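**Student:**
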Amino acid sequence: MNPQDLLRHLATDPNQLGLRLSRPIDRRGAIQAGLFGTIGMAGSTLFGEDYAKTGAAPAARKPAAPRPAAKARSVIQIFLWGGMSHSDTWDPKPDAGYDYNGPLKKFLSTNVPGIQLSEWFPNLAKQADKYSLIRSMTHGNNGHETAAYLVQTAHAPGERLAYPSVGAVFALMKEKEYKGSLPPYIVLTKPQGRFSEEGFLGAKRKPFATGGDPNASRFEVEGIVSRHVNDARQAARRDLASNLDSLRQAAGDDPVIRASEAARTEAYEMILGKGREVFDLSREKPELRDRYGRHTFGQDCLAARRMVEAGVPYIVVNYPGGWDTHSNHFQTMGKQAPELDQGLAALLADLHDRGLLDSTLVWCCGEFGRGPKIDWQPPWNGGRNHHGKVFSVLVAGGGFKGGTVVGASDAKAEEVAERPVYPADLLGSIYQLAGIEAKAPLPHPMGLEAHVLPQDAKPGEAAGLLTEIM
Numbered sequence: 147m148n149p150q151d152l153l154r155h156l157a158t159d160p161n162q163l164g165l166r167l168s169r170p171i172d173r174r175g176a177i178q179a180g181l182f183g184t185i186g187m188a189g190s191t192l193f194g195e196d197y198a199k200t201g202a203a204p205a206a207r208k209p210a211a212p213r214p215a216a217k218a219r220s221v222i223q224i225f226l227w228g229g230m231s232h233s234d235t236w237d238p239k240p241d242a243g244y245d246y247n248g249p250l251k252k253f254l255s256t257n258v259p260g261i262q263l264s265e266w267f268p269n270l271a272k273q274a275d276k277y278s279l280i281r282s283m284t285h286g287n288n289g290h291e292t293a294a295y296l297v298q299t300a301h302a303p304g305e306r307l308a309y310p311s312v313g314a315v316f317a318l319m320k321e322k323e324y325k326g327s328l329p330p331y332i333v334l335t336k337p338q339g340r341f342s343e344e345g346f347l348g349a350k351r352k353p354f355a356t357g358g359d360p361n362a363s364r365f366e367v368e369g370i371v372s373r374h375v376n377d378a379r380q381a382a383r384r385d386l387a388s389n390l391d392s393l394r395q396a397a398g399d400d401p402v403i404r405a406s407e408a409a410r411t412e413a414y415e416m417i418l419g420k421g422r423e424v425f426d427l428s429r430e431k432p433e434l435r436d437r438y439g440r441h442t443f444g445q446d447c448l449a450a451r452r453m454v455e456a457g458v459p460y461i462v463v464n465y466p467g468g469w470d471t472h473s474n475h476f477q478t479m480g481k482q483a484p485e486l487d488q489g490l491a492a493l494l495a496d497l498h499d500r501g502l503l504d505s506t507l508v509w510c511c512g513e514f515g516r517g518p519k520i521d522w523q524p525p526w527n528g529g530r531n532h533h534g535k536v537f538s539v540l541v542a543g544g545g546f547k548g549g550t551v552v553g554a555s556d557a558k559a560e561e562v563a564e565r566p567v568y569p570a571d572l573l574g575s576i577y578q579l580a581g582i583e584a585k586a587p588l589p590h591p592m593g594l595e596a597h598v599l600p601q602d603a604k605p606g607e608a609a610g611l612l613t614e615i616m
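Mapping the sequence shown onto the numbering used here, position 214 (from 1) lands on 360, and the numbers just tick up by one.
#1: Assuming I222 contacts I461 (C-beta within less than 8 Å), just tell me the rounded distance between them.
#2: From what residue to what residue does the alpha helix (DSSP H) around F225 run?
#3: Contact check, S473 vs W526 under 8 Å by CB: the rounded distance?
#4: Say whether the stretch 491-510 touches the stretch 443-462, bearing in mind that this needs 3 or more beta-carbon pairs closer than 8 Å, one atom from each stretch.
#5: Taking the straight line between their C-alpha atoms, what separation do you get for H597 and Q578?
#6: Thinking C-beta only, is V541 closer than 8 Å to S278?
#7: Quick check on the DSSP output: the alpha helix (DSSP H) that includes T292 runs from which residue to which?
#8: Among the candidates A317, K350, V333, V402, whose CA atom is the shortest distance from the CA of E368?
#9: Residues bridged to S555 by DSSP?
#10: I'd like the span of the beta strand (DSSP E) that includes Y324, first residue to last.
#11: Taking the DSSP output, what are the residues bridged to H533?
#12: Please state the DSSP three-state secondary structure of T442.
#13: Tell whether a beta-carbon distance below 8 Å holds between A570 and A218.
#14: Straight-line CA distance for A584 to K320?
#15: For the stretch 484-493 and the stretch 262-269, state whether three or more C-beta atom pairs, one from each stretch, are separated by less than 8 Å.
#16: How long is the line joining the alpha carbons of H290 and G528, rounded to whole angstroms?
#17: Can you grab the Cα-Cα spacing for the pair S231 / P518, in whole Å?
#18: Leaving out the 5 sequence neighbours to the left and right, which residues in its chain are closer than 7 Å to P353 when beta-carbon positions are compared?
#19: How about the stretch 463-471 and the stretch 239-252: do they share at least three Cβ pairs that are nearer than 8 Å?
#20: Rounding to the nearest angstrom, what Cα-Cα distance links R173 and L347 in this structure?
#21: Give me the Cα-Cα distance between H475 and N257, rounded to the nearest whole angstrom.
Structure below.
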């Protein structure tokens with residue numbers, strides 16, 4: 147059982163961890179019953195870090211690669227799954243014509259001379275000094291699953307190893323220094339689902355998905371906030387389970403029981419303690435919540451800022467609804483782009499005002515862009531299709547400079563015109579700013595050689611770190 151399953155059961159079932167036990171049982175019987183297997187954290191205590199990370203017996207270690215100096219304490223990834231149009235948002239082409247721009251006619255100047263955005267982004271136009279735009283991101287892949295895997299691992303799909311996402315790598319690499327009560331890798335509100343984010347690192351590195359809706363009257367975080375159980379009842383259940391836990395009482399100072407009790411305490415800290423408070427957005431001023439936007443995405447961004455304050459290393463906001471606009475493109479964009487503009491601009495301004503932007507890296511993109519030329523034919527009727535040849539990424543904070551454009555697309559946003567940027571370049575830059583060595587080995591459960599990023603990249607796979615904005 148992974149930590150999220152443990153939390154869910156503790157939040158809803160008073161019989162967890164001892165309530166069903168009517169008589170003492172010995173350690174062998176408990177192990178056979180599988181009681182200790184439900185607490186994944188105990189593996190680290192009993193068998194060491196190799197077992198906790200890989201599920202395998204400890205193996206000979208290679209010398210650890212030196213870590214670069216870290217500027218980014220936390221990372222917020224805003225993932226526009228489905229693929230947001232780059233030409234309708236952060237790389238507008240005013241002279242491309244109707245077949246490329248459709249009904250869009252207004253293009254906004256920003257507070258940085260020479261940088262323009264589409265008409266849907268007036269709030270971000272006022273914040274351009276706080277972020278940089280990569281307008282030459284490319285990988286050439288037009289499949290949702292394979293492109294999402296590429297953008298979030300930098301490893302080519304189809305290899306024999308299923309590599310972990312950048313968030314899972316953070317969960318692994320930051321576990322010794324991160325001491326918070328919340329999981330180190332959190333997704334608002336649902337996993338994107340295009341690939342297994344934990345990869346071969348296993349369930350311990352799986353993201354904690356909050357579920358629920360932060361814009362609801364009560365943010366019902368899965369496993370932490372139960373709709374039908376108030377805090378007083380939850381505390382009573384905890385105390386009753388502890389009092390009737392005959393296994394723990396009989397085992398005394400057994401290290402396995404001690405480890406399971408520590409895991410249980412940690413879980414209840416999330417359910418009833420400081421960890422729970424992070425998800426309580428009612429603690430924020432109503433005016434600030436309004437500034438983020440009273441919609442799911444806006445409140446996702448506000449919740450992400452609160453997690454940054456709690457020290458969570460890696461937070462993902464998976465945009466609710468998605469951007470796969472083969473049809474009804476402009477209608478969907480007309481609703482979603484202003485929400486993205488409001489929430490993201492408020493997040494950047496709020497982080498800046500609180501002195502957190504320098505230590506918080508924000509990056510925002512989808513798995514690819516969308517075809518710059520509009521598909522007017524039925525059944526698309528004005529839609530845009532997948533486009534992996536070139537698309538845009540917004541990066542801010544955590545050591546990235548603001549007010550800069552990296553690279554360029556051609557006159558119609560169809561191809562890279564200058565300074566191609568590949569997933570390995572983007573993720574390599576993020577890792578470096580976070581103090582993670584891109585060449586560091588990853589523990590594979592079968593002992594196979596694996597590294598954070600691909601080694602010895604071929605032409606067309608990497609062009610170099612984003613040193614111009616670092």
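Don't be surprised by glycine CBs; every beta carbon is placed ideally from N, CA and C. Just so it is clear, the structure is predicted and the values come from calculations on it, not from any experiment.
**Tutor:** Well, looking at it:
#1: 5 Å
#2: Not the alpha helix (DSSP H): F225 falls in the beta strand (DSSP E), residues 220-225.
#3: Your pair S473 and W526 checks out as a contact, with CB atoms roughly 5 Å apart and the cut at 8 Å.
#4: Three or more pairs of CB atoms, one per stretch, sit closer than 8 Å, so the stretch 491-510 contacts the stretch 443-462.
#5: 14 Å
#6: Against a cut-off of 8 Å, the Cβ pair of V541 and S278 comes out as a contact.
#7: 290-299
#8: Comparing C-alpha distances from E368 to each of A317, K350, V333, V402 shows the shortest one belongs to V333.
#9: V562
#10: First-last for Y324: undefined, no H or E at that position.
#11: G515
#12: Three-state result, T442: helix.
#13: no
#14: 14 Å
#15: yes
#16: 21 Å
#17: Each residue's alpha carbon lies about 8 Å from the other.
#18: G313, Y331, I332, V333, P337, E343, V462
#19: no
#20: With a pLDDT of only 34 at R173, under 50, the local geometry of the prediction cannot be trusted, and the value read off the model is given with reservation. Answer to the nearest angstrom: the Cα atoms are 29 Å apart.
#21: 28 Å
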